[in-house]
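Numbering (this note's numbering), first residue to last: -14 to 98.
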């Protein structure tokens, strides 16, 4: 017997409902509801939309004169760009980096540090 996504969602929802009035406070029921919600999200979003949730990648060189300008959507694209840049600029090191968090910039007229 093959278990489908819909079966898992139904099972999680039914088990969470079995907690009755404790559903909102019982850790197991909360986890079951969260699992059902995540399954629904994963099975209803198009695959392309799921993959695009990953932050963009940049190719950066500590030896470079200019900051990175291109954001890559895949590691493969960034990897190819890093190799192309390394071939173009012998002796420089290039890193593939994933953006984390929000950009931090100093206010005009304010010293950084």
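Idealized CB from N, CA, C, for every residue including glycine.
Would you check if the distance between the CB atom of residue i and the CB atom of residue j is smaller than 9 Å?
| i | j | result |
| --- | --- | --- |
| residue 41 | residue 83 | yes |
| residue 81 | residue 72 | no |
| residue -3 | residue 20 | yes |
| residue 49 | residue 77 | yes |
| residue 89 | residue 63 | no |
| residue 46 | residue 70 | yes |
Residue i and residue j look like a contact to me (Cβ under 8 Å); what is the Cβ gap, rounded to whole Å?
| i | j | result |
| --- | --- | --- |
| residue 1 | residue 24 | Incorrect: roughly 12 Å between the Cβ atoms, too far for contact. |
| residue -10 | residue 28 | 5 Å |
Could you check where the alpha helix (DSSP H) with residue i kicks off and where it finishes?
| i | result |
| --- | --- |
| residue 25 | 12 to 29 |
| residue 70 | 60 to 73 |
| residue 43 | That residue, residue 43, is in no alpha helix (DSSP H); its beta strand (DSSP E) goes 42 to 45. |
| residue -6 | -10 to 2 |
Taking the beta strand (DSSP E) that residue i falls in, what are its first and last residues?
| i | result |
| --- | --- |
| residue 81 | 80 to 83 |
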